[in-house]
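Each number in this note's numbering corresponds to the 1-based position in the sequence shown with 1289 added. For reference, the structure discussed in these notes is given below.
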Amino acid sequence: MTPTGTPSTDNGPAGHAQASWSVAPEPFDSPAATALWRAYYTEVSDRWYLLHEGRATDPGELEREIAADTGAEFTAPTGVLLIARYGGGPGGTAGVRMLDAVTAELKRVFVRPELRGRGGAALLLAAAERAAVGLGAGKLVLDTRGDLVEARRLYARHGYEEAAAHNDDPYAEHWFTKVLTTDS
1290 MTPTGTPSTD NGPAGHAQAS WSVAPEPFDS PAATALWRAY YTEVSDRWYL LHEGRATDPG
1350 ELEREIAADT GAEFTAPTGV LLIARYGGGP GGTAGVRMLD AVTAELKRVF VRPELRGRGG
1410 AALLLAAAER AAVGLGAGKL VLDTRGDLVE ARRLYARHGY EEAAAHNDDP YAEHWFTKVL
1470 TTDS
């Protein structure tokens, strides 16, 4: 889905359409949302442990942490979970939850590695911004880690500015904010 709400097409060789993106809200506990949460958490956890300890995440710890953070905060009336589908299959996710009457937080922004570079992250960001406005937010905040350089570049490209910490998450190293408009 493009920022205007129409499907986007990934044109392959000679301009032939191969697949398109769509973005829509979905329950946090749907099979697609659950699979994307597992893929997201596994990637960011393994990346942290490989960088800091030279190993992948302990499987038991991985299971405990995935189960402990269900995503229930991404439910109406104060949150939403968006699923991006590419060619019909689950390809990415973004969650929005209200922190207070005017501030929403962006969480779980993820596109499957094999689908990166096809525009899905930008579509998820645009849809998340619209969802945040729909929830009543005038500002969207997020946090990320220093090693997630691709995420930091994505946010900067889309108008997010580095800001003071809005939480005390022990893994957060960079905080971003974006003022939203009804055009978001």
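Just so you know, even glycine gets a beta-carbon here, dropped at the ideal spot from N, CA and C.
Any idea which residues DSSP pairs residue i with across the strands?
| i | result |
| --- | --- |
| histidine 1463 | Thr1433 |
| phenylalanine 1399 | Thr1382 |
| alanine 1417 | The partner list for alanine 1417 (beta bridge, DSSP) is empty, contrary to what the question assumes. |
| glutamate 1451 | Phe1465 |
| glutamate 1342 | Paired residues: none, contrary to the question. |
| alanine 1393 | Met1387, Leu1429 |
Taking the straight line between their C-alpha atoms, what separation do you get for residue i and residue j?
| i | j | result |
| --- | --- | --- |
| asparagine 1456 | leucine 1371 | 23 Å |
| leucine 1412 | alanine 1345 | 30 Å |
| alanine 1435 | histidine 1463 | Per the sequence shown, residue 1435 should be read as glycine rather than alanine. Using only the alpha carbons, I get a separation of about 7 Å. |
| alanine 1453 | threonine 1470 | 21 Å |
| tyrosine 1444 | glycine 1384 | 15 Å |
Under the three-state reduction of DSSP, which class applies to residue i: helix, strand or coil?
| i | result |
| --- | --- |
| tyrosine 1444 | helix |
| leucine 1388 | coil |
| serine 1319 | coil |
| tyrosine 1375 | strand |
| proline 1314 | strand |
| glutamate 1352 | helix |
| leucine 1370 | strand |
Could you tell me if residue i is buried or exposed, where buried requires 16 or more neighbouring beta carbons within 10 angstroms of its beta carbon?
| i | result |
| --- | --- |
| glycine 1409 | buried |
| serine 1309 | buried |
| threonine 1359 | exposed |
| tyrosine 1460 | exposed |
| proline 1468 | A quick correction: the sequence has valine, not proline, at residue 1468. Flag for valine 1468 reads exposed. |
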